[in-house]
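Asker:
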Amino acid sequence: MAKIFIPSWDEQFSQELREAGLGVARKAPHWIIARLALARSLQMPQFPDDELKKPVTRERAFEIHMEQLTGENNPSMDDLTDDFRVILSLYHNEDLFADRDRFIEVIQRHIQRGMAEIRASWRPGNDFHDYLYQELFFERTRSESDAQGDLGPGLHRALGEIGVGADIEKMVVGPRLTRFTLRLSASGDLDRLRKDIDKIPFELGINQAVTIVPIADQRRVALDVPRPDSDWHPVVGANIPSWVRDHKAVLPVCPGTDVLGNPVVFDLAEAPHLFVAGTTGSGKSVCVHALLLSLLSSGRNLRLALIDPKEVEFVGYASCKKLWGGTVITEAAEAEEMLEGLVAEMNSRQKVLAALGVTNLSEAQGKGSDLPRIVVVVDELADLLMQRPNSESSLIRLAQKARAVGIHLILATQRPGADTFPGLLRSNVPSRIALTVRSSQESRIILDEVGAEKLLMRGDMLIRLSGMQTIRSHGARVEHGDIRAWL
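Last residue of the sequence shown? That's 638 in my numbering, and every number before it is there in order.
1) Excluding the 5 residues flanking Ser296 on each side, which residues of the same chain have their C-beta closer than 8 Å to its C-beta?
2) Under 8 Å: do the segment 611 to 628 and the segment 386 to 404 share three or more Cβ pairs, one atom per stretch?
3) Identify, in the order they occur along the chain, each residue of the same chain with its Cβ nearer than 6 Å to the Cβ of Met228, setting aside the five sequence neighbours on each side.
4) I need the straight-line Cα distance from Leu220 to Ser545, nearest angstrom please.
5) Does the count of Cβ pairs from the segment 523 to 543 and the segment 459 to 474 closer than 8 Å reach three?
6) Measure the Cβ-Cβ separation of Val527 and Thr430 and say whether it is below 8 Å.
7) Can you give me the C-alpha to C-alpha distance between Arg293 and Leu310, rounded to a whole angstrom?
8) Applying the criterion that 16 or more other CB atoms from any shown protein chain within 10 Å of the CB defines a buried residue, is Ile366 buried or exposed?
9) Are Pro523 and Leu453 close, meaning C-beta to C-beta below 8 Å?
10) I need the DSSP call for His631, collapsed to helix, strand or coil.
11) Let's test the definition: count the other Cβ atoms within 10 Å of the Cβ of Val415 and tell me whether it reaches 16, buried, or not, exposed.
12) Within its chain, find whatever has a CB closer than 6 Å to the CB of Glu320; leave out the 5 residues flanking it on each side and keep chain order.
13) Here's the rule I'm using: 16 or more other beta-carbon atoms within 10 Å means buried, otherwise exposed. How should Asp161 be labelled?
14) In the DSSP output, what is Arg330 paired with across the bridge?
15) Should Met217 go down as buried or exposed, given a rule of 16 or more other Cβ atoms within 10 Å for buried?
16) Does the distance from the CB of Arg615 to the CB of Ser582 come in under 8 Å?
17) Tell me which residues share the same chain as Leu168 and place their Cβ nearer than 6 Å to its Cβ, disregarding the 5 neighbours each side in the sequence.
18) Who are the Cβ neighbours of Tyr468 in its own chain at under 8 Å, not counting the five residues just before and after it?
19) Would you grab the beta carbon distance between Leu402 and Leu446 for me? Rounded to a whole angstrom, and I think it's under 8 Å.
20) Only counting the same chain, and skipping five residues up and downstream in sequence, which positions put a Cβ closer than 6 Å to that of Gly172?
21) Going by C-alpha distance, which of Gly477, Ala603, Asp375 and Asp418 is nearest Arg396?
22) Using a Cβ-Cβ cutoff of less than 7 Å, which residues in the same chain neighbour Thr571 once the five nearest sequence positions on both sides are dropped?
23) Less than 7 Å between the CB of Val601 and some heavy atom of the ligand NAP, yes or no?
24) Using the Cα positions of Gln620 and Glu421, report the straight-line distance between them to the nearest angstrom.
25) Whose C-alpha, out of Leu504, Ile558, Cys438 and Gly432, is nearest the C-alpha of Gly492?
26) Kindly indicate which three-state DSSP category Lys154 falls into: helix, strand or coil?
27) In this structure, does DSSP put Asp534 in helix, strand or coil?
28) Grouping DSSP H, G and I as helix and E and B as strand, with all else coil, what is Arg454?
29) Under DSSP, the beta strand (DSSP E) around Cys405 begins and ends at which residues?
30) Quick check: what's the CA-CA separation for Ala495 versus Glu630?
31) Using the beta-carbon count (16 or more within 10 Å), is Pro436 buried or exposed?
Here it is in structure tokens:
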């Protein structure tokens with residue numbers, strides 16, 4: 152009889168899902184969790200070739216029979232075995248009807264991958280039913296044409312209600328917004344539009360702000376109109392490697408796309424440091440993973456110094472071959488020690504550059520130096536500074552002087568404030584990404600301007616790079632499997 156083996160670590164997590172997630176430990180059999188894991192894995196991109204070549208983990212904690220999982224030869228259940236075979240055959244582009252052993256192996260791989268993805272993305276304490284709704288059962292039932300057809304006439308009516316005459320010349324559908332280019336009928340229409348812009352969402356029946364995008368032509372203006380989340384188009388994280396790999400930047404990174412769906416790629420080496428902040432549920436952690444995926448897949452000579460005081464976000468990078476120091480740092484004392492070591496590394500590199508007669512790492516590499524760039528990523532800056540206040544001085548020194556020697560900072564927090572992003576550090580980290588925050592004051596702390604408090608959560612962000620205007624972006628949805636493919 153065919154069996155699916157559930158390793159001990161998955162068995163423990165499965166029990167946690169049944170108790171803390173589903174809340175029906177005695178009623179929910181293990182095969183329910185296995186089916187959810189299978190469904191989660193099938194939502195993800197294809198397995199990388201190297202992943203398919205690895206042996207399947209068969210450590211036995213408990214077993215699930217196929218008659219439980221698919222209903223095979225089970226008179227008390229519908230037999231869905233052939234349905235499973237069809238879906239998996241299409242997914243892998245191979246005939247899984249012809250080879251039963253291969254069929255079982257593929258199911259095993261998907262369940263283990265799906266369990267790993269759920270374990271990495273669901274946090275105990277969060278509503279697991281809401282997680283399932285958002286990740287598995289959230290259907291985008293309305294098509295692009297439906298969304299356009301609904302918004303166009305509605306916008307005409309809304310403009311008429313505030314006394315603005317305009318024709319819609321162009322309509323571009325982005326991941327979450329639709330941009331309408333309007334030709335205004337009279338010279339006073341623009342002033343009326345600016346005055347009453349806040350009335351348009353009410354007329355359209357939406358609860359997000361409509362924003363004006365200036366155009367050089369005074370008789371034209373663009374409006375960015377948010378769509379209901381059922382009409383959002385996901386930004387796929389699996390596309391990030393192709394967006395950054397051929398980019399000419401020294402350290403190309405891509406958090407997502409602009410509001411029209413065009414990839415936003417910038418050079419972290421020019422940033423040269425980055426502060427990322429947003430409240431719980433804003434997508435801050437996923438944004439950091441998108442930046443890490445960019446760096447890992449770019450093919451550049453670099454090392455990652457990962458600091459994770461909460462021991463949550465970077466556990467999946469433990470096997471990464473590009474880790475500075477060979478491990479992910481989770482203890483605050485070790486983080487402080489690592490930062491002090493990086494200051495020493497900075498001073499050592501400055502001597503190397505002086506000996507070569509150059510002023511920066513790029514010039515040194517041009518003269519044959521094999522020194523890699525180092526990207527220091529702190530997942531929760533507030534926790535680190537609370538536990539180890541002296542770490543601030545090392546971060547400030549790195550922010551002030553490390554750019555030339557190829558050491559760059561990505562500092563992230565859920566609690567942006569004067570104590571978690573203090574003055575000297577703030578003045579030396581000029582590039583910022585603000586996801587949704589609770590107040591305009593927090594937006595000012597991150598960006599020196601308001602606006603982040605009006606974002607749409609779940610990856611909606613404002614990016615302000617050094618010396619450039621703020622742009623709005625929608626974050627890429629990075630799956631755990633996207634990262635593992637590049638470790």
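Virtual Cβ for every residue (Gly too), placed ideally from N, Cα, C.
Answerer: In short, the structure shows the following:
1) On the sequence shown, residue 296 is found 145 positions in, with the first residue counted as 1. Residue placement at Ser296 is flagged as unreliable, the pLDDT there being 43, under the threshold of 50; a coordinate-derived value is accordingly withheld.
2) yes
3) Along the sequence shown, one-based indexing puts residue 228 at 77. Cβ within range, chain order: Gly222.
4) For the purposes of this step, residue 220 is identified with residue 69 of the sequence shown, where counting begins at 1. For the purposes of this step, residue 545 is identified with residue 394 of the sequence shown, where counting begins at 1. Their backbone Cα atoms lie some 54 Å apart in a straight line.
5) yes
6) Within the sequence shown, the letter at position 376 stands for residue 527. Within the sequence shown, the letter at position 279 stands for residue 430. Not in contact: Val527 and Thr430 (Cβ atoms no closer than 8 Å).
7) By one-based count along the sequence shown, residue 293 stands at place 142. By one-based count along the sequence shown, residue 310 stands at place 159. With a pLDDT of 39 at Arg293, under the threshold of 50, the modelled position of this residue cannot be trusted, and the question is left open.
8) Locating residue 366 in the sequence shown gives position 215, counting from the first residue. Result: exposed.
9) Residue 523 sits at position 372 when you count from the first residue of the sequence shown. Residue 453 sits at position 302 when you count from the first residue of the sequence shown. Closer than 8 Å, so yes.
10) Translated into the one-based positions of the sequence shown, residue 631 becomes position 480. Helix, per DSSP.
11) Walking along the sequence shown from the start, residue 415 turns up at place 264. That one is buried.
12) Locating residue 320 in the sequence shown gives position 169, where the first residue counts as 1. Answer for Glu320: Thr332 and Arg334, listed in chain order.
13) The count along the sequence shown starts at 1 and reaches residue 161 at position 10. The residue in question, Asp161, is buried, as its Cβ has 16 or more Cβ neighbours within 10 Å.
14) Against the sequence shown, residue 330 aligns to sequence position 179. Answer is Val323 and Asp375, bridged to Arg330.
15) On the sequence shown, position 66 is the one that residue 217 refers to. Classification for Met217: buried.
16) To locate residue 615, count along the sequence shown from 1; it is residue 464. To locate residue 582, count along the sequence shown from 1; it is residue 431. The answer is yes: Cβ separation under 8 Å.
17) As a first step, residue 168 must be located in the sequence shown, where it is residue number 17. Contacts found: Ile184.
18) Position 317 of the sequence shown holds residue 468. So the qualifying residues of the chain are Leu443, Leu455, Leu457, Leu474, Val479, Ile634 and Leu638.
19) Counting from 1 along the sequence shown, the entry for residue 402 is found at position 251. Counting from 1 along the sequence shown, the entry for residue 446 is found at position 295. At roughly 7 Å, the Cβ-Cβ gap stays under 8 Å, so Leu402 and Leu446 are in contact.
20) In the sequence shown, counting from the first residue as 1, residue 172 sits at position 21. So the list reads Phe279, once near-sequence residues are dropped.
21) Walking along the sequence shown from the start, residue 396 turns up at place 245. Arg396 has its Cα closest to that of Asp418, out of Gly477, Ala603, Asp375 and Asp418.
22) Within the sequence shown, numbered from 1, the residue matching residue 571 stands at position 420. Answer for Thr571: Leu532, Ala533, Leu536 and Thr564, listed in chain order.
23) Annotation note on the ligand NAP: not contained in the displayed structure, which lists no ligands.
24) The residue given as residue 620 occupies position 469 in the sequence shown. The residue given as residue 421 occupies position 270 in the sequence shown. About 15 Å.
25) In the sequence shown, residue 492 corresponds to position 341, counting from 1. It is Ile558 whose Cα lies nearest to the Cα of Gly492.
26) Taking the sequence shown and counting its residues from 1, the one referred to as residue 154 is at position 3. Of the three classes helix, strand and coil, the one that applies to Lys154 here is strand, per DSSP.
27) Your numbering for residue 534 matches position 383 in the sequence shown. The answer is helix: DSSP assigns Asp534 an H, G or I state.
28) In the sequence shown, counting from the first residue as 1, residue 454 sits at position 303. Correct three-state label for Arg454: strand.
29) Indexing the sequence shown from 1 puts residue 405 at position 254. First-last of the beta strand (DSSP E) with Cys405: Pro403 to Asp409.
30) Here residue 495 refers to the residue found at position 344 of the sequence shown. Here residue 630 refers to the residue found at position 479 of the sequence shown. If you take the alpha carbons of Ala495 and Glu630, they lie about 35 Å apart.
31) For the purposes of this step, residue 436 is taken as the residue at position 285 of the sequence shown. The sequence given here places Ser at residue 436; Pro does not occur at that position. With 16 or more Cβ atoms within 10 Å of its Cβ, Ser436 is classed as buried.
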